[in-house]
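Read through the structure below, which is laid out as C-alpha cells, and then see the notes.
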Amino acid sequence: MDHFATCPLCGDVKAATESNHDRIIAVNEHSILLVGDHQFFSGYSMLVARTHVREMHDLPQAVQQAIFADLMRLGRAVAEVYQPLKINYASLGNVVEHLHWHVIPRYSDETDPKSHPWAEAADFQNHKTTPEAARRVAAALQKYL
Ligand SMILES: [Zn+2]
6 MDHFATCPLC
16 GDVKAATESN
26 HDRIIAVNEH
36 SILLVGDHQF
46 FSGYSMLVAR
56 THVREMHDLP
66 QAVQQAIFAD
76 LMRLGRAVAE
86 VYQPLKINYA
96 SLGNVVEHLH
106 WHVIPRYSDE
116 TDPKSHPWAE
126 AADFQNHKTT
136 PEAARRVAAA
146 LQKYL
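Each residue of the sequence shown is one higher than the one before, counting from 6 in the working numbering.
Encoded structure:
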C-alpha cells in the first residue's frame, strides 16, 4: 500500500531515505530517527517505523526487536548527550496511525517534571526546531548511536 501521499510519517520516511529530510539523525533498516519538530525538551527525538503499520504487535517479531533496539540506541544517545532527569518513551499513534515513538527527555527545571510530557503542549510551538538546531542535535546524537 502506498501511503506516501496521505500519511505525514510516510512522507518523513520517504524524505529521510532519499537524504532529503532536514531533521534526520539516522536511517536504519526498519526505522528512521528524527530530531523532534520542537525542542521544548532539549533533545526531543522520534523513531518512525519505515513501514506504514499501525501497531508494533502487527510487525514480525524480528522487526519488533530491531525497532526496539533502534529505540534503545536513540534513548541511550539522548541520555548521554543531554543528561536528563528521566526519559519518557511514548508510542500513542492516536493522531497519526503510523508506528512511531517519542523519546522525550525530562528535566528537573521544568514547571512540573512529574507531569506527562504534553502538559505544556501549547508552548511547543514557541520552540520549533530550526534547521540549524536540527543539525546540531542530530550531530550530537549521532556520536552515540
Ligand atoms: Zn505512514
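For every residue, glycine included, the Cβ atom is placed at its ideal position computed from N, Cα and C.
Please say whether residue j and residue i have beta carbons closer to each other than 8 Å?
| i | j | result |
| --- | --- | --- |
| Val108 | Ser47 | no |
| Val68 | Leu104 | no |
| Arg28 | Thr134 | yes |
| Asp114 | Phe45 | no |
| Val18 | Ala139 | no |
| Leu79 | Leu38 | yes |
| Ile30 | Ala143 | yes |
| Cys12 | Val100 | no |
Counting only the same chain and skipping the five closest in sequence on each side, list residues whose C-beta sits under 7 Å from that of residue i.
| i | result |
| --- | --- |
| Ala20 | His26 |
| Leu90 | Arg111, Tyr112, Ser113, Pro118 |
| Asn33 | Asp75 |
| Thr116 | Glu125 |
| Cys15 | His8, Phe9, His57, His103 |
| Pro136 | Asp27 |
| Ser24 | none |
Beta-carbon within less than 6 Å of residue i's beta-carbon, same chain only, minus the 5 sequence neighbours each way: which residues are those?
| i | result |
| --- | --- |
| Tyr149 | Ala82, Glu85 |
| Pro122 | Asn93, Ile109 |
| Ser96 | Trp106 |
| His132 | His43, Gln44, Phe45 |
| Ala145 | Val86 |
Considering only residues of the same chain and omitting the five flanking positions on each side of residue i, which have a CB-CB separation below 8 Å?
| i | result |
| --- | --- |
| Leu76 | Ser36, Leu52, Tyr94, Trp106, Val108 |
| Thr22 | Val32, Ile37, Arg55 |
| His167 | The first residue shown for the chain is 6 and the last is 150, placing residue 167 beyond what the model contains. |
Inset, instruction - Ignoring anything shorter than 3 residues or poking outside the segment 93-145, list the beta strand (DSSP E) runs there in chain order. - result: 105-111
Legend entry - Contact shell at 6 Å, judged by CB to any heavy atom of ligand 1, ordered along the chain: His8, Cys12, Leu14, Cys15, His57, His103
Legend entry - Segments assigned beta strand (DSSP E), at least 3 residues, entirely inside the segment 51-90: none
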